[in-house]
DNA sequence: ATTAATTTTTAGACAAGACTAAAAATTAAT
DNA sequence: ATTAATTTTTAGTCTTGTCTAAAAATTAAT
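Chains as they are written, first to last, in the working numbering: chain A, 1 to 217; chain B, 218 to 434.
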């Protein structure tokens, strides 16, 4: 049985090896976990003892198959609860993360599977991230094309956003940028890589940073 | 902010002072918490430091107003989640307790209130226990008359059951005893205080112990 | 009213998870 | 190829919540 802390480490390692490299360094993990490298070393030993990560002193760590499976189950729970909070309890995008962060640690696979069924087996969470099924399988075609990569006059639909700060979500909310919203590229400015888009019957400018955090299809 | 352990102690003290006496002894609390009296003493100091209980060495403890409020909020969450599990996710009586035991520690009063609304402000949980409102107020008229106190030919409806073991709930399920089920007393046997009841088109005998754990109106 | 039995508290220890400061290993730089 | 800078680990400490064993207080019994 995993502690909450162990679960959080697994999730962090999974996320870092997805976005950076397979092997995750102690310092990077410490930064992600908002803790000290020495604490990370301690925890990596424990996770290695439980065969959840392979860990070599001074080399970094990597999830084992068992570790990956555990991580995916936690991610599954996190994203299902986010769907529940938004769809059933009318929470906003920006509010759900912290609550789901708590709910993801509830231990009952029966609860998870019943929740999945109750929500009609959603494929993505409210940010467009894929939800692993009960076997940990998921497809990630929702979040492969960034808004920043589009050409002039392209017309697309928003399918996801990068995990961001509450303030970022607040901004999206203000612009009424939601999953499923239709967007057209009206202009691209090379001097700062910002884009002018037509969305919800009006035009708005998105900075390069923002346009790289929005996924479309 | 309370730890999960502190919350569990508050809940236990609340329950014991309801069922036994206002002032709760260290040993009784230790038994309820399935821990040692010395651990209880340690925790009572902490809770007293936080003004959640009043505690006098060798005398026992009692919840303060603040402690009572906290306990009621935890109980509110526990019972709302039980309703959710039974009503929305089709769990059985006997399965919900352990999961609700985890869910009750999720910290977000907004979540609790939204859940309450989503469930249409239920007054009682699946066992007939009253659910405190967001101010901690509740009425306890559902669980004041025991089935064991009825007279011959009385016809009543089941409004609650005592908190019991999974095996007890299994037994109730087997007899199809649910909240709202109609019952008639067909016979009372003085030699062992058991009762013969007519329920769901058939007659069954309930032992004294069982009939004392079922509430009616 | 002493003694005996019970209850409760103290003292000291342990595991988990975190921290600081110092040491060791690795990587980068001249 | 040494030295310097960086990264990572070790050693020792702290807090929370638990435990055991022993001491102190309370209650019961003769």
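Heads up, the beta-carbon is just placed ideally off N, CA and C, and yes, glycines get one too.
So what's residue i in DSSP terms, helix, strand or just coil?
i, result
"residue 139(A)", "coil"
"residue 64(A)", "coil"
"residue 119(A)", "coil"
"residue 132(A)", "coil"
"residue 374(B)", "strand"
"residue 9(A)", "helix"
"residue 194(A)", "strand"
"residue 394(B)", "coil"
"residue 57(A)", "coil"
"residue 419(B)", "strand"
"residue 75(A)", "helix"
"residue 431(B)", "strand"
"residue 316(B)", "helix"
"residue 32(A)", "helix"
"residue 46(A)", "helix"
"residue 399(B)", "strand"
"residue 305(B)", "helix"
"residue 188(A)", "strand"
"residue 363(B)", "strand"
Closer than 7 Å by beta-carbon distance: list the chain B residues that pair up with residue i, in chain order.
i, result
"residue 108(A)", "316"
Residues of chain B with CB closer than 9 Å to the CB of residue i, please, in chain order.
i, result
"residue 121(A)", "Simply none; closest approach about 14 Å."
Nearest chain A C-beta to residue i closer than 8 Å, yes or no?
i, result
"residue 319(B)", "yes"
"residue 443(B)", "Nothing can be reported for residue 443(B), as the shown portion of chain B is limited to 218 through 434."
"residue 228(B)", "no"
"residue 328(B)", "yes"
"residue 479(B)", "Since the first and last residues shown for chain B are 218 and 434, residue 479(B) lies out of range."
Say whether chain B places a C-beta atom closer than 8 Å to the C-beta of residue i.
i, result
"residue 218(A)", "Within the shown structure, residues of chain A are numbered from 1 to 217, placing residue 218(A) beyond reach of any answer."
Show which residues of chain A have a CB atom less than 7 Å away from the CB atom of residue i.
i, result
"residue 251(B)", "Near residue 251(B) there are no residues of chain A at all, since even the closest Cβ is about 17 Å away, more than 7 Å."
Give the residues of chain A in contact with residue i, contact being defined as C-beta atoms less than 8 Å apart.
i, result
"residue 305(B)", "118"
- Using 8 Å as the threshold, is the stretch 302-321 of chain B in touch with the stretch 264-282 of chain B, meaning 3 or more CB pairs across them? Contact check between the stretch 302-321 of chain B and the stretch 264-282 of chain B: fewer than three CB pairs, one atom from each, fall below 8 Å, which does not count as touching.
- So does the stretch 345-364 of chain B actually touch the stretch 274-292 of chain B, counting three or more Cβ pairs closer than 8 Å? Yes: at least three Cβ pairs fall under 8 Å.
- Item | Inter-stretch contact at 8 Å, needing at least 3 Cβ pairs: the stretch 2-14 of chain A / the stretch 22-29 of chain A | Touching, yes.
- Query: Just checking, does the stretch 361-372 of chain B make contact with the stretch 382-389 of chain B on the three C-beta pairs under 8 Å criterion?
  - Reply: Contact fails: fewer than three Cβ-Cβ distances are below 8 Å.
- Message: Count Cβ pairs between the stretch 228-243 of chain B and the stretch 194-201 of chain A that sit closer than 8 Å; are there 3 or more?
- Response: Short answer: they don't touch.
- Item | At least 3 beta-carbon pairs within less than 8 Å: the stretch 296-308 of chain B vs the stretch 114-124 of chain A | Because the criterion of three Cβ pairs below 8 Å is met, the stretch 296-308 of chain B and the stretch 114-124 of chain A touch.
- Mind the definition here: the stretch 320-332 of chain B touches the stretch 271-278 of chain B only if three or more C-beta pairs lie below 8 Å; say whether that holds. The stretch 320-332 of chain B vs the stretch 271-278 of chain B: no contact.
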